[in-house]
Amino acid sequence: MSKRELGKIFVTGSDGFIGSHLVETLIENGFEVTALCQYNSFGKYGWLDDFTHKKCPHNLKLILGDIRDPFFLKKMIKDHDTVFHLAALIAIPYSYVAPQSYFETNVLGTLNVMEACLDSSRVSRFIHTSTSEVYGTAQFVPITEKHPLQGQSPYSASKIGADMAVESYFRSMSLPAVILRPFNTYGPRQSMRAVIPTIISQILSGNSEIKLGNLTTTRDFNYVIDTVKAFIALAESSNDDILGQSFNTGTGQEISIEDIFKLISKMLDKKISIVTEEERKRPEKSEVERLLSDPTKLFQATGWKAKFSLEEGILQLIHWMKNRSDYLQENTRYFV
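Residue numbering for the sequence shown follows UniProt numbering, beginning at 1 and increasing consecutively.
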């Protein structure tokens with residue numbers, strides 16, 4: 001398949017889990033990247049902060065800002081050709097507490113990024129990040145892109161709103177947009193709120209009991225490097241027929257939370273018991289019971305498919321966590 005030139009690239013959410021891996025992969029492959037990180041008074045660049053402590057690559061520009069500021073975005077994006085939009089509020093539990101902030105960031109923030117892309121005469125591809133959470137509990141499996149969208153949490157509702165905004169801008173304003181819908185991405189740098197790193201962390205910290213929520217839910221876990229390659233595959237596709245469409249990225253395999261716990265315990269050779277905590281569960285009608293992707297559409301459009309098995313990805317994450325004692329110490333508060 002032929003590839004389109006990405007030109008100068010702008011990435012929102014660069015300081016986050018997936019965003020930082022995407023930025024690193026892009027600069028390692030020689031692309032010129034502007035990485036937008038969430039403004040803070042400490043001048044920190046999240047997971048890209050290491051680049052401020054050593055010589056920054058010549059093809060990387062780090063900036064601080066906020067996608068809720070439309071004037072800032074128009075000034076920053078105007079000289080770019082490809083935009084990856086990953087910035088979002090993603091913690092589902094906090095969306096029950098402060099839902100307005102999710103709609104302001106995820107919907108209005110996305111609107112601001114799209115307006116900046118339209119204002120530019122150069123942007124020829126806009127990749128928007130969705131989530132498998134927009135599907136809610138599976139009505140049929142595997143889940144294709146034709147599955148109904150269900151807002152089962154304020155977070156998922158805000159992402160549905162953002163997805164629909166992107167679709168509308170493609171249809172009504174010819175924004176050259178594509179929507180990537182990752183299923184449960186995991187890997188180095190992920191928040192301790194997520195189930196795989198919290199299980200590994202609790203075991204590595206010597207806990208005899210693991211605190212978890214609902215054990216029966218199933219997820220389709222995708223290693224972060226595979227997710228990053230899906231982003232790039234859509235950006236590089238020269239087929240304009242993908243514009244305005246949504247694409248799932250996942251492995252096409254599901255596993256329950258209880259079974260993922262058993263797998264990690266076996267890999268670390270530890271016998272650990274589980275303590276189920278009610279506060280770790282979602283409200284009953286909000287729980288997404290089952291997620292299993294059908295990534296066929298993405299494969300047919302770009303040739304992308306997941307390379308990492310679950311065991312390979314977990315081994316990579318375990319190795320990284322064992323070598324990042326600072327990460328473990330910083331995040332122990334999540335399971336104390």
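The beta carbon of each residue, even a glycine, is placed where N, CA and C say it ideally should be.
Quick caveat: nothing in here was measured; it's all calculated off a predicted structure.
Range covered by the alpha helix (DSSP H) that runs through THR82:
Taken as a continuous stretch (DSSP letters only), THR82 belongs to no alpha helix (DSSP H), being part of the beta strand (DSSP E) at 82–85.
Alpha carbons only, please: which of GLY187, SER246, GLY151, SER309 is nearest the one belonging to VAL178?
SER246
Cα-Cα separation, ILE314 to ILE264:
8 Å
If the criterion is Cβ atoms closer than 7 Å, does the pair LEU73 and TYR39 meet it?
no
In three-state DSSP terms, what is ILE272?
coil
Assuming LYS297 contacts ASN248 under a Cβ cut-off of 8 Å, what Cβ separation, rounded to an integer in Å, is found between them?
7 Å
In whole angstroms, what separates the C-alpha of TYR45 from that of SER256?
34 Å
Put SER237 into one of helix, strand or coil per three-state DSSP.
strand
For ILE77 versus GLY109, is the C-beta distance shorter than 7 Å?
no
Nearest-angstrom Cα distance between LYS305 and ASP226?
8 Å
Is the separation between the beta-carbon of THR137 and that of VAL33 shorter than 7 Å?
no
Would you kindly report the start and end of the unbroken alpha helix (DSSP H) that includes VAL141?
Premise fails: VAL141 is in no alpha helix (DSSP H) and is neither H nor E.
Just to confirm, are LEU292 and ASP220 a CB contact at a threshold of 7 Å?
yes
Quick one: give me the first and last residue of the beta strand (DSSP E) that HIS128 is part of.
125–129
Does the distance from the C-beta atom of THR129 to that of LEU89 stay below 7 Å?
no
Assign residue 346 to one of two classes, buried (16 or more other C-beta atoms within 10 Å of its C-beta) or exposed (fewer than that).
No information on residue 346 is available, as it lies outside the stretch 1 to 336 that the chain covers here.
I need the boundaries of the alpha helix (DSSP H) containing GLN245, first residue and last residue.
Unbroken run through GLN245: none, as it is neither H nor E.
Per-residue DSSP class, three states only, for ILE67:
coil
Any idea what DSSP makes of GLN300, helix, strand or coil?
helix
So if DSSP puts PHE10 in a beta bridge, which residue, or which two residues, is it bridged to?
THR34, VAL83
Taking the straight line between their C-alpha atoms, what separation do you get for LYS8 and ARG122?
9 Å
Can you pull the DSSP bridge partners for ILE255?
ARG219
I need the boundaries of the beta strand (DSSP E) containing PRO182, first residue and last residue.
177–182
Evaluate the contact criterion for the segment 23–33 versus the segment 92–108: three or more CB pairs, one atom per stretch, below 8 Å.
no
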